[in-house]
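Q: Chains as they are written, first to last, in the working numbering: chain E, 3 to 258; chain C, 2 to 291; chain V, 256 to 513.
Note that CB positions come from ideal geometry on N, CA and C, so glycine has one too.
Below is one structure. I have some questions about it.
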């Protein structure tokens, strides 16, 4: 079982970004994370990626307790997860091929990594990953020459390069038009399926989430509102989840 | 897609050579660049007699070791410390006096060189010939002043006025008036010059335009750069002691020639402290401006 | 209330500054009288007149060319060495390897930086012998201190997200540094490097004064023999070389930071 959360709470300063969240996630599941902005979706993904330490509660990843492991062991565990941030933070002057191949870094030795900076060691792999998002023409372009949508898909191509078993994807479609959104989502789902990997994807497009993901998790104000099969999620539940209420949105910093 | 016609080959773990389908188009230029660098590097290594191994020859190792061993303990007799104190003050004083004179020289040159203070440019849209010539002359003078290294100025002045701090003060004054003048003019030109222009258009004199227009806006930057240069001048005045312009440098030179390691050690400590203190003071002054 | 306190402090600071300036002029025995006496003016003019015409004999010019190339090599090589060590030392000095290495390396960089090139040269002469090698090492030592600190500051102030993102996904800290931090900081690092190179060419030109080779050594030699025409040629060569390096650096800056 890749992930088990028991009563997990995460604090940002005084406010709780997550409070008392318990979840069980089986290998190979495809889950959409929905909820209004500031609901704690990004925090939850970061917590699952062992990037944020829960203040309370317990996170179990692949049967291990990451935060009672040694630093090195925890870091090794992180290679089994791939967290794709909403706007992929890519160095602007880097070339796409290098940015994509950076997904291989956890497997590569330092020498190989350095060599690849002089001459990309596996450009064909990067080309294949990019071609699945229709970006193969940009293989040797510079990142700052890409549009927002292209950059986002470039970040996802990096995900394809990794050997992760859990994909944690934050708003992969935020910069894409509806047609590209569908294509991109299907690439992600197909890859997860072929690899037997778990896919957890936070989404703002509720309809897409309901059609394409068998399991939906609703978050609101850091709390779990529902965790159900998408066939069981009613319009009323969605309406309640997004019910307008002037709630202070917790801003979020990415950390180690 | 444009791709290189040459198929690049890649060695695989299994011992097979497979062709890379999408070779890096930047690889050959990059390789060429690296090779050029290496080819240029070679004569440079020859010219600078770059032979690191001589550092590890028994003779030089022994000499270095002997010298370094004499560093501890640093010289700290009362007499020597007093000497050091005097020399340190002289270093600071040379830097300060030199920079003050440099300031006196730089300000008029700046007024001449700065474009935003041109009156004729406002009248006709372009500068008058005479104005342009004066401006260009001022610029060339600034370039000459700062291009000759301060140590060369010091060497020349030592020949004219003899050994002692006067040569150091003059050398710093000349070099730094060139540096300050150039950067001041740049700062004034790049600062929002609208108010200056308005003043000049309404008949204000160049000085009035400077004081009421550009200066208030550019003041923090000007002061910050001046303090930074003061810090540099202290380092410079240490160095000028080596050609006989007094201060710590001269003492250092003497001690080094006598291979008096313990004296060198205390002077190095003083250097580090002095430069650290100048750094502190200059940061303090600059932070005061914000 | 606050305001007056601050302006009082500023006034005190200004007063201190004025005192410092006054004390400097007062304590230095400056020979203004001698400098501006008719005698000194005459000898000064004579001194300056001695510079023209500069020595232009072929045999001398070829020696000048040699010394110029030597000086140029010293500056370029030492900058290159300093870049390598600067990056290596900037890693711990930008808080990437923990608190203790941070403090130790920052201190080391400060020491390297506060000792001027010329002092380094005169110390290193003992280990490396007379000649350009000692000069190269001296320039490299001082420049490593300067660049190391500049690089470290640049690396500390980068947006952390790209590096953090790679590390969250399991990349080693060093790999994340090379794939995220370094490419981001690259334009700044290059710009600092060129700036230091421009500085080093000026320093290299004068290092010879203590016996570390290059144009400076020739200048000191000819000046000490009062051979003014030769000294003039050396100074012109220095100016030309500095201008050339400034031009190269300007061109590199434009083409590299594009």
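For residue 155 (chain C) versus residue 244 (chain C), is the C-beta spacing smaller than 9 Å?
A: Yes. Within cutoff.
Q: With 7 Å as the C-beta to C-beta threshold (strictly closer), list the residues of the segment 134-168 of chain E near chain V in chain order.
A: Within the segment 134-168 of chain E, the qualifying residues are 164.
Q: Verify the CB distance criterion: does residue 99 (chain E) have a CB-CB separation below 9 Å to chain C?
A: Chain C contact via Cβ: present.
Q: If residue 387 (chain V) and residue 467 (chain V) are in contact, beta carbons under 8 Å, what's the gap, nearest whole angstrom?
A: Right, their Cβ atoms sit about 7 Å apart.
Q: If we count the other Cβ atoms within 10 Å of its Cβ and call it buried at 16 or more, is residue 52 (chain C) buried or exposed?
A: Its Cβ having fewer than 16 others within 10 Å, residue 52 (chain C) is exposed.
Q: Are residue 315 (chain V) and residue 483 (chain V) touching if we call contact CB-CB under 9 Å?
A: Not in contact: residue 315 (chain V) and residue 483 (chain V) (Cβ atoms no closer than 9 Å).
Q: Do the CB positions of residue 45 (chain E) and residue 67 (chain E) come within less than 9 Å of each other?
A: Cβ distance not < 9 Å, so residue 45 (chain E) and residue 67 (chain E) don't count as in contact.
Q: Grouping DSSP H, G and I as helix and E and B as strand, with all else coil, what is residue 89 (chain E)?
A: Note: residue 89 (chain E) maps to coil in three-state DSSP.
Q: Which residues in chain E sit within 8 Å of residue 25 (chain C), going by Cβ to Cβ distance?
A: The answer, in chain order, is 99, 121, 122, 125 and 142.
Q: Is the CB of residue 393 (chain V) under 9 Å away from at least one CB in chain C?
A: Taking Cβ atoms only, chain C never reaches closer than 9 Å to residue 393 (chain V), which makes this a no.
Q: Under a CB-based cut-off of 9 Å, is residue 365 (chain V) close to chain C?
A: It does: the Cβ of residue 365 (chain V) has a partner Cβ on chain C nearer than 9 Å.
Q: Can you confirm whether the segment 21-29 of chain C touches the segment 106-125 of chain E when touching is taken to mean that 3 or more C-beta pairs between the two stretches lie within less than 8 Å?
A: Yes, since at least three Cβ pairs between the segment 106-125 of chain E and the segment 21-29 of chain C fall closer than 8 Å, the two stretches touch.
Q: Following the continuous beta strand (DSSP E) through residue 304 (chain V), name the residue where it begins and the one where it ends.
A: No beta strand (DSSP E) contains residue 304 (chain V), which is instead part of the alpha helix (DSSP H) from 293-304.
Q: Can you confirm whether residue 48 (chain C), when its beta carbon is compared against all beta carbons of chain A, has any partner nearer than 9 Å?
A: As a matter of chain content, chain A is missing from the structure shown, whose protein chains are E, C and V.
Q: Output, in chain order, the set of chain E residues within a Cβ distance shorter than 7 Å of residue 21 (chain C).
A: Ordered by position in chain E, the residues that pass the 7 Å Cβ test against residue 21 (chain C) are 125 and 126.
Q: Just the Cα atoms here: how many angstroms apart are residue 48 (chain C) and residue 383 (chain V)?
A: Residue 48 (chain C) and residue 383 (chain V): Cα-Cα distance of roughly 15 Å.
Q: In the DSSP assignment, the alpha helix (DSSP H) including residue 510 (chain V) goes from what residue to what residue?
A: From DSSP, the alpha helix (DSSP H) with residue 510 (chain V) extends over 483-511.
Q: With DSSP collapsed to three states, give me the class of residue 218 (chain E).
A: Of the three classes helix, strand and coil, the one that applies to residue 218 (chain E) here is strand, per DSSP.
Q: State buried or exposed for residue 40 (chain C), treating a residue as buried only when at least 16 other CB atoms are found within 10 Å of its CB.
A: Per the 10 Å Cβ criterion, exposed.
Q: Run through chain E and tell me which residues come within less than 8 Å of residue 28 (chain C), C-beta to C-beta.
A: Those within 8 Å of residue 28 (chain C) in chain E are 121.
Q: Using a Cβ-Cβ cut-off of less than 9 Å, give me the residues of the segment 48-75 of chain E that come near chain V, in sequence order.
A: Residues passing the 9 Å Cβ filter: 48, 51, 52 and 53.
Q: Just by C-beta distance, which residues in the segment 309-330 of chain V are closer than 7 Å to chain C?
A: Cβ contacts with chain C: 324, 325, 328 and 329.
Q: Just verifying my parser: in three-state terms, what is the DSSP assignment at residue 185 (chain E)?
A: Looking at residue 185 (chain E) - three-state DSSP - the assignment turns out to be helix.
Q: If we define contact as Cβ-Cβ less than 9 Å, is residue 55 (chain C) a contact residue for chain V?
A: With 9 Å as the cut-off, residue 55 (chain C) counts as an interface residue toward chain V.
Q: Restricting to Cα atoms, I'd like to know which of E:193, E:195, E:217 and E:165 is closest to residue 204 (chain E).
A: If we check each option's Cα against that of residue 204 (chain E), E:217 comes out closest.
Q: Is DSSP giving residue 77 (chain C) helix, strand or coil here?
A: Of the three classes helix, strand and coil, the one that applies to residue 77 (chain C) here is coil, per DSSP.
Q: Which of helix, strand or coil does DSSP assign to residue 240 (chain E)?
A: In the structure shown, residue 240 (chain E) sits in a helix (DSSP, three-state: H, G or I).
Q: Roughly how many whole angstroms lie between the Cα atoms of residue 262 (chain V) and residue 234 (chain C)?
A: Answer to the nearest angstrom: the Cα atoms are 28 Å apart.
Q: For the alpha helix (DSSP H) that residue 157 (chain E) lies in, which residues bound it at each end?
A: Run containing residue 157 (chain E): 150-163, per the alpha helix (DSSP H) assignment.
Q: Tell me the DSSP secondary structure of residue 164 (chain C) in three-state form.
A: It is coil, neither helix nor strand.
Q: Pairs of beta-carbons, one from the segment 402-421 of chain V and one from the segment 276-285 of chain C, closer than 8 Å: are there three or more?
A: Taking 8 Å as the limit for Cβ pairs, the verdict is that the segment 276-285 of chain C does not touch the segment 402-421 of chain V.
Q: Using beta carbons (cut-off 9 Å, strictly below), is residue 215 (chain E) in contact with chain V?
A: No, residue 215 (chain E) lies away from the interface with chain V (no Cβ there is under 9 Å from its Cβ).
Q: Can you list, in chain order, the stretches of the beta strand (DSSP E) that have 3 or more residues and sit fully within the segment 360-433 of chain V?
A: Listed in chain order, there is nothing to give.
Q: Spell out the partners DSSP gives residue 26 (chain E) in its beta bridges.
A: DSSP, once it has assigned bridges, lists E:6 as partnering residue 26 (chain E).
Q: What does the Cβ neighbour count give for residue 236 (chain E), buried or exposed, with the cut at 16 atoms within 10 Å?
A: Residue 236 (chain E) should be labelled exposed.
Q: Between residue 376 (chain V) and residue 360 (chain V), is the Cβ-Cβ spacing less than 9 Å?
A: Against a cut-off of 9 Å, the Cβ pair of residue 360 (chain V) and residue 376 (chain V) comes out as no contact.
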